[in-house]
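Residue numbers (our numbering): 11 to 281. No residue lacks a Cβ here, since even glycine has one placed at the ideal position from N, Cα and C.
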Amino acid sequence: MPHTNRHKKRPQWNKTRTIATCDGWSTVTSTRSKASSDILQEHAPSSRSIDSDATREVLAEEFRRTKEKWGAAESATRLRQDLKSRDGLHIDKAICFGLGTMCLEKELRSRSIMQLAAFADMASSLELPDRPIRICLEDPAFTPTDIQFLQSLDMHVTTGGDGFTQITRNTLVFLPFAPWKIVLQHADDISNSPLLIAPNMAKFEETLSIAKKSIDANVKRAQQITSNRESVSFPSSEESHNAFTDFRIYGAINEDDNEPESIQEPVVPIE
C-alpha cells in the first residue's frame with residue numbers, strides 16, 4: 011500500500027542571476043545544482059598566457075600573409091562559389107562570435123588569424139557594389155591589441171552580447187569558438203540569420219539528447235538554430251591548419267516563406 015503519511019516536498023523555486031563566466035561571457039545561472047555542465051562545454055581554447063611579442067604590427071603582417079594564403083587555396087575558391095550560388099541572400103552585416111584572442115602563442119594565433127581571414131573573405135564574397143557589408147566581432151577574450159588590430163581593418167568590436175541583438179535576416183553569423191551555453195541562450199537571435207557557419211550542430215544536438223541530465227528546452231533551442239536549414243561541409247584543406255575541422259555551412263531554406271519559430275519557454279539557466 012502507498013505510504014499516505016509521507017511528507018510532500020515543498021516546491022523549490024530556483025533563483026537565477028546573470029553573471030560573467032570565467033571567460034568573460036555573460037550567462038544566466040541558477041542556485042540549484044548543475045543540469046548540463048558536462049555537455050555544455052566551451053569550444054574555446056584553454057586560457058593561455060598572452061604572448062608579449064604579439065603586437066599590432068605582428069598581427070597585421072601575419073594576417074596579410076594568411077589572407078594571401080587563404081585566398082589562393084582551393085578551399086577558399088570552393089567556399090566563394092558556394093556562397094555566391096545561394097539565391098535570395100542579401101547580406102549587409104557579418105558578425106563573428108568566439109574568435110578568441112590573437113595574442114597567444116603562434117599555433118593558436120595562426121588558427122584564429124586563419125579563421126579571421128576566411129571570415130573577411132566570406133563577407134567580401136557576399137558584398138554587392140552598392141551594399142557594403144559591416145563586419146563585427148565579439149569575444150571577451152579580445153585584448154586591447156586585438157581590438158586595435160581589428161579596428162585597423164575597419165572591423166567593429168561589440169561587447170556585452172550586443173552583437174547578438176544586431177542579428178537580422180540579412181546577417182551572416184560565424185561561430186568558430188563561441189561557448190555552447192552562450193549560443194543556446196541566444197538561439198532566438200541566431201535563428202534570424204539566413205547563413206550560419208559553425209561547428210557541427212548535429213553532434214551537439216545528439217549529445218544533448220542522450221545526456222542523462224539533459225534539459226528538453228536546451229535540446230529544443232539547439233534544434234531551433236538549425237531548423238529550416240540545409241547544411242554542407244565547410245571546405246577545408248591543409249592550408250587551413252585545422253581551423254575549420256568539422257565546420258558546416260547552414261543556409262536557410264525558403265528564407266522568405268519560413269519565419270524562424272521562437273521557443274516561447276523561458277531560457278533554462280545554464281551553468
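* To do: Assign residue 186 to one of three DSSP states: helix, strand, or coil.
  => In the sequence shown, residue 186 corresponds to position 176, counting from 1. The answer is coil: DSSP assigns residue 186 none of H, G, I, E or B.
* Cβ-Cβ separation, residue 102 to residue 141 (assumed contact under 8 angstroms), whole Å -> For this step, residue 141 is matched to residue 131 along the sequence shown. For this step, residue 102 is matched to residue 92 along the sequence shown. Confirmed, about 6 angstroms.
* Three-pair Cβ contact test at 8 angstroms for the region 80–87 versus the region 162–175 -> no
* Asked: Under three-state DSSP, which class holds residue 231?
  -> Taking the sequence shown and counting its residues from 1, the one referred to as residue 231 is at position 221. Correct three-state label for residue 231: helix.
* Asked: How many angstroms separate the CA atom of residue 144 from the CA atom of residue 105?
  -> Taking the first residue of the sequence shown as position 1, residue 144 is located at position 134. Taking the first residue of the sequence shown as position 1, residue 105 is located at position 95. Distance between the alpha carbons of residue 144 and residue 105: 8 angstroms.
* Alpha carbon to alpha carbon, how far is residue 232 from residue 39? Give it in angstroms, no decimals. => Looking up residue 39 in the sequence shown gives position 29. Looking up residue 232 in the sequence shown gives position 222. Since pLDDT at residue 39 reaches only 46, below the 50 mark, its modelled position is unreliable, and the value read off the structure follows with that caveat. The straight-line gap from Cα to Cα measures roughly 18 angstroms.
* To do: May I have the straight-line CA-CA distance separating residue 112 from residue 69, to the nearest angstrom?
  => Residue mapping note: residue 112 aligns to position 102 of the sequence shown, counting from 1. Residue mapping note: residue 69 aligns to position 59 of the sequence shown, counting from 1. Cα to Cα, the separation comes out at about 7 angstroms.
* To do: Kindly indicate which three-state DSSP category residue 43 falls into: helix, strand or coil?
  => Start at 1 with the first residue of the sequence shown, and residue 43 comes out as number 33. Confidence in residue 43 is poor, its pLDDT being 36 and thus under 50, which makes the residue's placement unreliable; the coordinate value appears in the next sentence. Residue state, collapsed to three classes: coil.
* **Same chain, Cβ closer than 6 angstroms to residue 206, neighbours up to 5 away in sequence not counted** => Indexing the sequence shown from 1 puts residue 206 at position 196. Answer for residue 206: 183 and 260, listed in chain order.
* Closest to residue 77 by CA distance: which of 217, 123, 246 and 210 is it? -> In the sequence shown, the residue the question calls residue 77 occupies position 67. Cα-wise, what sits closest to residue 77 is 123.
* In angstroms with no decimal places, state the Cα-to-Cα distance between residue 192 and residue 241. => On the sequence shown, position 182 is the one that residue 192 refers to. On the sequence shown, position 231 is the one that residue 241 refers to. Looking at the two C-alpha atoms, the distance is approximately 22 angstroms.
* Which residues in the same chain have their Cβ closer than 6 angstroms to the Cβ of residue 151, if we skip the five residues on either side of it in sequence? -> For the purposes of this step, residue 151 is taken as residue 141 along the sequence shown, with counting starting at 1. Answer for residue 151: 110 and 111, listed in chain order.
* Neighbourhood of residue 129 by C-beta, 6 angstroms cutoff - its chain only, sequence neighbours within 5 removed -> The sequence position of residue 129 within the sequence shown is 119, counting from 1. 106 and 184, listed in sequence order.
* In the structure shown, what three-state DSSP assignment does residue 54 receive? -> Taking the first residue of the sequence shown as 1, we reach residue 54 at position 44. Residue placement at residue 54 is poorly supported in this model, since its pLDDT is 42, which falls under 50; the coordinates are not used for a value here.
* To do: Report back the beta-carbon spacing between residue 177 and residue 202 to the nearest angstrom; my notes put them in contact at under 8 angstroms.
  => What you label residue 177 is simply residue 167 of the sequence shown in a count that begins at 1. What you label residue 202 is simply residue 192 of the sequence shown in a count that begins at 1. Rounded, the Cβ-Cβ distance is 5 angstroms, consistent with contact.
* **Cα-Cα separation, residue 215 to residue 263** => Within the sequence shown, numbered from 1, the residue matching residue 215 stands at position 205. Within the sequence shown, numbered from 1, the residue matching residue 263 stands at position 253. Their Cα atoms are separated by approximately 20 angstroms.
* Report the residue from 81, 180, 186 and 72 whose alpha carbon sits nearest the alpha carbon of residue 199. => The residue labelled residue 199 in the question sits at position 189 within the sequence shown. The residue with the shortest Cα to Cα distance from residue 199 is 180.
* **Closest residue to residue 194 among 166, 211 and 228 (Cα-Cα distance)** => Here residue 194 is taken as the residue at index 184 of the sequence shown, counted from 1. Of the candidates 166, 211 and 228, the one whose C-alpha sits nearest the C-alpha of residue 194 is 228.
* **Through-space distance from residue 92 to residue 138, alpha-carbon basis** => Here residue 138 refers to the residue found at position 128 when the sequence shown is read from its first residue. Here residue 92 refers to the residue found at position 82 when the sequence shown is read from its first residue. Near 16 angstroms, if we compare the C-alpha coordinates of residue 92 and residue 138.
* Please find out if some non-hydrogen atom of the ligand GDP comes closer than 7 angstroms to the beta-carbon of residue 130. => Although the ligand GDP was asked about, the structure shown includes no ligands whatsoever.
* **DSSP-derived helix/strand/coil call for residue 240** => For this step, residue 240 is matched to residue 230 along the sequence shown. Here residue 240 sits in strand by DSSP.
* Delimiting residues of the beta strand (DSSP E) encompassing residue 257 -> As a working note, residue 257 is residue 247 in the sequence shown. From DSSP, the beta strand (DSSP E) with residue 257 extends over 257–262.
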